[in-house]
Amino acid sequence: MHQSIGVNQCLLARGISTDPRCPCYHGEPETILHALRDCPFSKSAWIQLGKQTSDPFFFSASLQDWIIANANSQAMHYQGPGQCPWYQVFLFAIWLIWKGRNQCLFNNKNPNPNIAKEILYRAFEFTHCACTSLVKNRRILMSIRWEKPCSGWFKLNTDGSSLGNPGLAGGGGLIRDENGDWVVGFARKIGFANSFMAELWALRDGLLLCLQTHVQAVIVEMDSKVIVDMFSTHAEASSTDSAILEDCKQLVAQIPQARFNHVYREANKCADFLAKLGASLDIDFNVFSSPPVDLLNLWEADARGLSCNRLCSAPSSVF
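Sequential numbering from 212 applies to the sequence shown in the numbering used here.
Now the structure itself:
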């Protein structure tokens with residue numbers, strides 16, 4: 212400890228003050244420990260925070276031991292249904308006690324009778340904001356790859372591309388079986404559209420191909436979480452998009468088993484390739500009974516289970 216806080220005992224040692232006594236309660240020297248813990252005003256706040264005067268350590272430890280022990284405490288402080296680390300309460304307490312003391316001395320303010328409530332409010336608020344921000348912003352490195360469907364299932368991956376959003380758009384996708392083998396693929400030239408509309412066009416084309424190839428159980432994977440959520444939560448689309456979305460829903464209803472999954476774009480590379488290919492087609496629609504030559508490397512990488520890394524938001528269960 213540097214003994215640098217401007218209490219009278221420290222000021223006297225520097226030759227700045229002539230009276231070491233506490234200006235609030237004149238019976239004892241105003242040391243740092245007196246100002247933060249032992250002064251009646253400070254002690255009252257600690258007692259309101261749940262500390263007992265009979266505590267063999269809290270009200271008798273030296274300044275350094277007292278601060279180190281409490282600032283590193285792993286204990287939790289409970290208030291109603293909530294809790295926060297004691298060290299947070301402690302640190303806010305010494306700051307607000309010091310601040311309140313200076314308000315009394317220099318601004319003639321009355322002592323705050325609800326200082327303990329303010330301390331707890333600040334500590335709980337800080338803990339909530341810090342933890343929420345940590346969970347929200349915490350990112351982890353994840354290995355992403357295309358996964359083969361379960362036995363008896365097929366997988367449809369679709370994607371839409373719009374250069375400019377809105378701009379020149381294309382859609383594409385492919386159906387693979389449980390071994391990762393190619394069943395059929397497609398690419399469509401859409402024209403001028405936004406990416407959302409391009410995604411819906413690609414989905415509709417993919418579902419039509421599922422019906423034409425008599426697929427009975429399919430997992431539909433897209434990197435558009437908005438569209439996946441529409442089928443998972445039955446959310447409504449805008450009037451502009453509702454017709455093609457309704458088409459997609461009717462097609463899904465004709466497939467005995469259909470599930471929708473959101474995937475990262477790293478697990479949707481083949482569909483992304485076909486969507487971009489669609490935007491550059493000379494014809495409106497093309498069906499591929501085998502992988503296009505330029506797609507072979509991506510398709511084979513998926514079949515072998517090759518992965519790539521991506522920084523992702525960590526799920527709350529990680530903490």
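Here a beta-carbon is modelled for each residue, glycine too, at the ideal position from N, C-alpha and C.
In the DSSP assignment, find the beta strand (DSSP E) that holds residue i and state where it starts and stops.
i, result
"A282", "Run containing A282: none in the beta strand (DSSP E); it sits in the alpha helix (DSSP H), 274 to 282."
"S373", "365 to 374"
"A469", "468 to 473"
"E432", "428 to 433"
"I258", "Where I258 is concerned, there is no enclosing beta strand (DSSP E), although the alpha helix (DSSP H) it sits in stretches over 251 to 259."
"N497", "496 to 499"
"N520", "519 to 524"
"L509", "L509 -> not in any beta strand (DSSP E); alpha helix (DSSP H) instead, spanning 507 to 514."
"I351", "350 to 355"
Are the CB atoms of residue j and residue i within a distance shorter than 7 Å?
i, j, result
"V474", "D434", "yes"
"L307", "I279", "no"
"A512", "T369", "no"
"S453", "N405", "no"
"A469", "G371", "no"
"L277", "A286", "Per the sequence shown, the amino acid found at residue 277 is Trp instead of Leu. Contact flag unset, no."
"E239", "V218", "no"
Just how far apart, CA to CA, sit residue i and residue j?
i, j, result
"V431", "A409", "16 Å"
"I355", "A514", "14 Å"
"F471", "L462", "13 Å"
"S524", "L302", "30 Å"
"I455", "S284", "59 Å"
"S449", "F407", "Since pLDDT at S449 reaches only 49, below the 50 mark, its modelled position is unreliable, and the value read off the structure follows with that caveat. Each residue's Cα considered, the two are about 11 Å apart."
"I227", "C221", "9 Å"
"A327", "Y289", "13 Å"
"L420", "V395", "8 Å"
"P503", "H339", "53 Å"
"P467", "A341", "47 Å"
"C235", "L316", "8 Å"
"K501", "L509", "With the sequence shown as reference, residue 501 is identified as Ser, and Lys is not the correct amino acid for it. Their backbone Cα atoms lie some 13 Å apart in a straight line."
"Q465", "E457", "13 Å"
Kindly give me the distance between the Cβ atoms of residue i and residue j, rounded to whole angstroms, as I take these residues to be in contact under 8 Å.
i, j, result
"N479", "L352", "The Cβ separation is near 19 Å, so there is no contact."
"F484", "L506", "5 Å"
"L274", "I243", "6 Å"
Would you give the residue range spanned by the alpha helix (DSSP H) that residue i belongs to?
i, result
"I308", "297 to 318"
"E410", "406 to 423"
"A380", "Looking at the DSSP string, A380 is not in any alpha helix (DSSP H); the run it does join, the beta strand (DSSP E), is 378 to 387."
"C481", "480 to 490"
- Query: Using 8 Å as the Cβ pair cut-off and three pairs as the minimum, do the region 255 to 272 and the region 332 to 340 touch?
  - Reply: With a cut-off of 8 Å, the region 332 to 340 and the region 255 to 272 do not count as touching, because too few Cβ pairs lie within range.
- Query: Touch check for the region 411 to 420 and the region 382 to 394: three-plus C-beta pairs under 8 Å?
  - Reply: The answer is yes - the region 382 to 394 touches the region 411 to 420, with three or more Cβ pairs under 8 Å.
- Is there contact between the region 492 to 499 and the region 398 to 405, where contact requires at least three CB pairs shorter than 8 Å? Enough Cβ pairs lie closer than 8 Å, so yes.
- Task: Indicate whether the contact test is met: 3 or more Cβ pairs, each with one atom in the region 387 to 396 and one in the region 359 to 377, closer than 8 Å.
- Result: Yes, since at least three Cβ pairs between the region 387 to 396 and the region 359 to 377 fall closer than 8 Å, the two stretches touch.
- Query: Do the region 309 to 327 and the region 238 to 258 meet, that is, are 3 or more Cβ pairs less than 8 Å apart?
  - Reply: The answer is yes - the region 238 to 258 touches the region 309 to 327, with three or more Cβ pairs under 8 Å.
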